[in-house]
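Chains as they are written, first to last, in my numbering: chain V, 8 to 226; chain A, 107 to 1090.
Idealized CB from N, CA, C, for every residue including glycine.
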Amino acid sequence: MKDTDIKRLLYSNLLCVFSVFLSVFVPSLFLDDFSILETHLAWLCMCSASVTGVNLLLHLVVKANVSSRRSSLSHKVTRVLKCCIYFLLSCFFLHIIFVLYGAPLIELVLETFLFAVILSAFTTVPCLCLLGPNLKAWLRVFSRNGVTSIWENSLQITTISSFIGAWLGAFPIPLDWERPWQVWPISCTLGATFGYVAGLVSSPLWIYWNRKQLTYKSN
Amino acid sequence: MRLTSGAFATCCVVIEVIGVAIFIRGFFPAPVRSSARPEHGVETPAPEPLAGASSNWTMLPSPLFNKVVIVLIDALRDDFVFGSKGVKYMPYTTYLVEKGASHCFVAEAKPPTVTMPRIKALMTGSLPGFVDVIRNLNSPVLLEDNVIRQAKAAGKRMIFYGDETWLKLFPKHFVEYDGTTSFFVSDYIEVDNNVTRHLDKVLKRGDWDVLILHYLGLDHIGHISGPNSPLIGHKLSEMDNILMKIHTSLLSKERETLSPSLLVVCGDHGMSETGSHGASSTEEVSTPLILISSAFERKPGDIRHPKHVQQTDLAATLAIGLGLPIPKDSVGSLLFPVIEGKSMREQLRILHLNTLQLSKLLQENVLSYEKDPGFEQFKMAERLHGNWVKLHLEENHSDILLGLGTKVLRQYLGALKTLSLSLSTQVAHYDIYSMAVGTVMVLEVLTLFLLSTPHVLCRKAELDVPLLSPVFSLLFYLIFLVLSAIHVLVCTSSESSCYLCSLPWLAAGGVMVLVSALLCAILSALIRMVIDGTLLKKRASHPSSGWSEVDLLLLLGTVGHVLSLGASSFVEEEHQTWYFLVNTLCLALSQETCRSYFVGDDCEPQHCFHMEKGCVDIRGCNLQDSTNYNTPEPGRTGKGVSLSEAQGSCKWWTVLASPWLVLICCRLLRSLNQTGVQGAHRPDLSHWLTSSDHKVQLSGLAALSLIMIFILVQKGCSPVSKAALAMGLLGVFCYRAATGIVLFPWQLDSKVISKGIIEARFVYVFVLGILFTGIKDLLKAQVIATDFKTKTIGLWEIHSGLVLLAALILRPHNLPVLAFSLLIQTIMTKFIWKPLRHDATEITVMHYWFGQAFFYFQGNSNNIATIDISAGFVGLDTYMEVPATLLTVFGTYVGPVLWASHLVHFLSSEASNGSALSRACFCYALIGSVPVATYIVLVTSLRYHLFIWSVFSPKLLYEGMHLLVTAALCAVFTATDHTRHTRT
Ligand SMILES: [Zn+2]
Ligand SMILES: [Zn+2]
């Protein structure tokens, strides 16, 4: 593992962070009354779209040479289709988990679903970009000592921190501070976003500091 | 002395229960109460004393005022009126205070300086106590004798506008009312306009006797921006205008009727420099009290500092002013200037009534009342008063009479002051001494627990308790002597009454013995730890990395829950915490099942390692003793098997699906009962089921649940108890059908609704039968060393007996809770705990979590009002205290009890594991006592919090009760464990 790898990882992660900030500030230039809290749903869409877009872009630019070596067009198409299906499935799966956690079943169904979408954008999309629709590889990355590169390591950290952020975001909901961001699912989406950003920023640093201890199986 | 860890834990929990009981007794001091309840009808007032004869003046003195208007301005601090702000913003009031016909006081409010207790103090003249907290949280209606009740009984017409707390306290007392909610603190305009808009109309009408106005705006401004905000000035001017309006209108009315009226301006509590209230700082307890009436003499314009009085004095003054009997529990003394204008005979008569009421209260609450200086003064004054009346009746006015009268008056006033003081010191403050002793005991137990945790969980389940070693006994005597000296010192010096000081010396000494013994035990444990620590360092320690995600979650969740108790919202919504934790636990388990199935090979060494370690220790203890730990249990060495072995007994997909099934069950249960504060009003399934339109659905659900319970429970029972169980469950349905809650499919025509006594007792017989069979099996397993199976069956029978009792006691719409709890227990046992081979500690914590979650699933909350009292009347035709209390407690804690009994059965059925039960008992005691200990410290530091009475105090009672239940469960654990030990 070279320092240049870590640098590349850092830049690509910073680009993802930048995309999150972009989704906060750019729409307010075009839309008059845009704010994260009031037009939360719009922001959710923007944010997930921009994060997905940047991830795809990164995938095409940085790792295109790796994946496109030995595949025909039809193989690529099925791959993309599979990715889309996986993404949708993960949205529904997360939605079900939220309902199991106590989200209302019928009311606020759009809010809940968009929360599932943004969380999928933070977690499933990077996985799909990096690992492709390959469940075995996913399981390998998310089991102990299963990572084989710094990219996977970073993916593991950001995914877990996004989930933990969303989980912690649920805690302020019962408090009686009467703040606008305490409404379901705003605090959770904000928590997930903070977790995602924190994971993106911290993972290159963590890898850098632990670069002596880290040994990956393949290289 | 050698003890198993289970017995040790049980002893500790029992001591902790004592500590908590002492703390609670100190936290809720006994109230000063008159034993004569107001329901007992009207008493005739005491006649005027007359030496040698009985006076013919037995009626109450006639009312001093025709109309009374009370303007209560929330959070009105004394300097808002008497200080520079008053001069600037309240010119009219300042004029009345300085030059008008008025009397001004600074009334001291007792903490908690929160609106509801203050309204009670103003209207009853009493101070809140332990009993009130219990009674009044159940129903907010004020049950004590109070001015409003007396006025209503006397036929006065009362009108109220303002904070709706009054309407909750005094429902149906006002002929006309309009309540405003104080919920929206950010609004300070509408709340007051809601009150003022009625004012013109009401003042013009004049068909009322008492008008009460409660303005909330000032308090809200204080909460938003503090006492120095410019908004305060505006609000004070607004209030001044309102007071002027009321006063001029009263004056013009007086000109017509020629009888004086009274305007009372007061605050319920003050405002701290940050704008909040609740504690006992000078700014918070000082409120102005202004009485304005044309009956008073105009002042010559001297601006003196207003006199300090108690807030409780208003009740007696109002009662006298309206010609009503003084509330029985009032500890206040009449504000004497109010009656100064009356004749000497009337003044003495009124003072006599007040002093008599106080001395009666003293007689009922203090044992040695005769020695009280106030009581002696009262007796003296009464004698003098009798003489005075005799003189007065014999000869008419003279200077001697006046001189003697003044002397009696002074005697009465002195007696009033002393009596009032000695009564209010009975309840005024938290009994800090008892609280401290209780806290020390609880914390000592907790420290002892934590110190012995590494020892118990990592090594042997036996502990040395070196109570008897000579070094420590010397230390013990020393500590005991010091503590006794402190006790004597505290009890002789303090004026206020402590609970511990009122105990007999033997009991107090026992408490001191316990405290010092615990201290010695802690010291010895510490020394042992230090010795062990040095031994440990010599050996090479393994890197201890064996924390699985589930372990981490269990530890963090428990700690997080304990910390969350410091926030009032988290206490109110504690069910959310538990649901959240249980859900996360299920997800973590699902992840674990996934991993051990799909990547079983990868993590197997780790898993195996983790299992052998068998210790979830707070300190992450080292593994150097793992061999030592494993030697007596050869059965556990072959633990390094993943799911592949378990696949013989159950399909892999059931294992993978089971956490999700549990999750779905939890989600269904969650929508059954909405609980807490924020969600309590939301529609839920239980309301839908209990409405009379859905009787058929309720019957179907109840029957289905009962069948499910039978299917789930019967598998582990012997044939006899199986039959008894079936009969019992049928009896449960018959009982509910007899009480008319569910329908019988074949008896639709009979509409006779009875109390179902026979049916319920029929079920009780089966419950006792099953329990008896179970205990018999247990004893058999102990005495005759029969095979292991008998004991397992016995434990399961006890479990099923408890299930049957729960089915009888729980309301029909809660039967699904019971069924699902059994279902989850079965699923978890079969597909998760057995195949994944969690160790005893993890399983105990999981059982505890599920027990807590089920406590809330059944609709409980941390509010006293959700306790289902009807559980105590099942099968009883009259109220019998002991069985009713036991049944209610069982009905409330069904969840924790059933999960604990399942834990006992589960751990005993794992034959290989020798000391698991003892370990589990220790763990259960630890996890149950940590929240209580932390909560006691939290409550002590939050005792001046705004929500101390409404949120924290009920939770304290729940925690105390839960600890008692835990202690009982630990005793059962130990007893069961004991039978095993004698066997092997
Ligand atoms: Zn108030
Ligand atoms: Zn307030």
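Any heavy atom of ligand 1 within a distance shorter than 7 Å of the CB on residue i?
| i | result |
| --- | --- |
| A/Ala221 | Per the sequence shown, residue 221 of chain A should be read as Thr rather than Ala. At least one heavy atom of ligand 1 is nearer than 7 Å to the Cβ of A/Thr221, so yes. |
| A/His593 | no |
| A/Asp325 | yes |
| A/His329 | no |
| A/Leu184 | A quick correction: the sequence has Asp, not Leu, at residue 184 of chain A. False, no ligand heavy atom lies under 7 Å from that Cβ. |
| A/His375 | yes |
Consider the C-beta atom of residue i and the heavy atoms of ligand 2; say whether any pair is separated by less than 7 Å.
| i | result |
| --- | --- |
| A/Ala181 | yes |
| A/His279 | no |
| A/His383 | yes |
Under 8 Å between the Cβ atoms of residue i and residue j?
| i | j | result |
| --- | --- | --- |
| A/Leu807 | A/Pro989 | no |
| A/Thr1080 | A/Cys1029 | no |
| A/Ile915 | A/Leu831 | no |
| A/Thr418 | A/Leu233 | yes |
| A/Phe1096 | A/Lys413 | Residue 1096 of chain A lies beyond the residue range present for chain A, which begins at 107 and ends at 1090; the question has no answer from this structure. |
| A/Arg776 | A/Phe963 | yes |
| A/Tyr284 | A/Thr221 | Position check: residue 284 of chain A holds Asp in this sequence, whereas Tyr was assumed. Result no, Cβ atoms of A/Asp284 and A/Thr221 do not sit closer than 8 Å. |
| A/Ser386 | A/Leu357 | no |
| A/Tyr685 | A/Ala913 | no |
| A/Thr1094 | A/Ala421 | No statement about residue 1094 of chain A is possible, as the shown extent of chain A runs from 107 to 1090 and does not include it. |
| A/Val370 | A/Leu397 | yes |
| A/Ile225 | A/Trp272 | yes |
| A/Ile128 | A/Val617 | yes |
| A/Trp939 | A/Val688 | no |
| V/Val208 | V/Asn20 | yes |
| A/Glu315 | A/Lys262 | The identity of residue 315 of chain A in the sequence shown is Asp, whereas the question assumes Glu. In this structure, A/Lys262 lies closer than 8 Å to A/Asp315 by Cβ. |
| A/Ile949 | A/Leu1009 | yes |
So residue i contacts chain B; which residues on that side make the cut at Cβ distance below 7 Å?
| i | result |
| --- | --- |
| A/Tyr685 | Looking for chain B here will not work: the only protein chains present are V and A. |
### Query
Any contact of the stretch 419-428 of chain A with the stretch 169-185 of chain A, i.e. 3+ C-beta pairs under 8 Å?
Between the stretch 419-428 of chain A and the stretch 169-185 of chain A, the count of Cβ pairs shorter than 8 Å is three or higher; the stretches touch.
### Query
Can you list the alpha helix (DSSP H) stretches of 4 or more residues lying completely in the stretch 257-321 of chain A, in chain order?
For the stretch 257-321 of chain A, whole alpha helix (DSSP H) runs of length 4 or above, ordered along the chain, are 271-275, 296-302, 305-311.
### Contained alpha helix (DSSP H) runs [length at least 4] in the stretch 487-566 of chain A, N- to C-terminal order
Within the stretch 487-566 of chain A, the complete alpha helix (DSSP H) runs of at least 4 residues fall at 505-533, 538-564.
### Ordered list of alpha helix (DSSP H) runs contained in the stretch 778-819 of chain A, each at least 4 residues
Listed in chain order, they are 791-796.
### Message
With three or more beta-carbon pairs closer than 8 Å as the criterion, would you say the stretch 92-101 of chain V touches the stretch 156-167 of chain V?
### Response
By the Cβ test, the stretch 92-101 of chain V is not in contact with the stretch 156-167 of chain V, since fewer than three Cβ pairs between them sit closer than 8 Å.
#### Entry: Meets three-Cβ-pair contact criterion under 8 Å: the stretch 1031-1044 of chain A and the stretch 970-987 of chain A
No: the two stretches stay apart, fewer than three of their Cβ pairs being nearer than 8 Å.
### Query
Is the stretch 790-803 of chain A touching the stretch 824-838 of chain A in the sense that three or more CB pairs, one from each, lie closer than 8 Å?
Contact between the stretch 824-838 of chain A and the stretch 790-803 of chain A is absent, because fewer than three Cβ pairs lie under 8 Å.
#### Entry: Complete runs of the alpha helix (DSSP H) confined to the stretch 10-92 of chain V [at least 4 residues]
The qualifying runs are 10-32, 34-37, 47-74.
### Query
What are the uninterrupted segments assigned as alpha helix (DSSP H) that are 4 or more residues long and contained completely in the stretch 391-465 of chain A, given in chain order?
Listed in chain order, they are 419-427.
### Query
If you pair each beta-carbon of the stretch 374-386 of chain A with each one of the stretch 322-334 of chain A, do three or more pairs fall below 8 Å?
Inter-segment contact for the stretch 374-386 of chain A and the stretch 322-334 of chain A is present: three or more beta-carbon pairs are separated by less than 8 Å.
### Query
Are three or more beta carbon pairs between the stretch 476-493 of chain A and the stretch 536-545 of chain A nearer than 8 Å?
No: fewer than three Cβ pairs fall under 8 Å.
### Task
Inspect the CB distances between the stretch 296-309 of chain A and the stretch 338-357 of chain A and report whether three or more fall short of 8 Å.
Contact between the stretch 296-309 of chain A and the stretch 338-357 of chain A is present, because at least three Cβ pairs lie under 8 Å.
### Segment contact flag, the stretch 192-208 of chain V with the stretch 113-125 of chain V, C-beta cutoff 8 Å, min 3 pairs
Between the stretch 192-208 of chain V and the stretch 113-125 of chain V there are three or more inter-stretch CB-CB distances shorter than 8 Å, so the stretches are counted as touching.
### Message
Within 8 Å, do at least three Cβ pairs link the stretch 52-66 of chain V to the stretch 24-38 of chain V?
### Response
With a cut-off of 8 Å, the stretch 52-66 of chain V and the stretch 24-38 of chain V count as touching, because enough Cβ pairs lie within range.
### Query
If you pair each beta-carbon of the stretch 110-119 of chain A with each one of the stretch 32-49 of chain V, do three or more pairs fall below 8 Å?
Three or more Cβ pairs closer than 8 Å define a contact, and the stretch 110-119 of chain A falls short of that threshold against the stretch 32-49 of chain V.
### Message
Does the contact criterion of 3 or more C-beta pairs under 8 Å hold for the stretch 439-456 of chain A versus the stretch 507-516 of chain A?
### Response
The stretch 439-456 of chain A vs the stretch 507-516 of chain A: in contact.
### Query
Can you find at least 3 beta carbon pairs, one from the stretch 62-70 of chain V and one from the stretch 195-214 of chain V, that sit closer than 8 Å?
Because the criterion of three Cβ pairs below 8 Å is not met, the stretch 62-70 of chain V and the stretch 195-214 of chain V do not touch.
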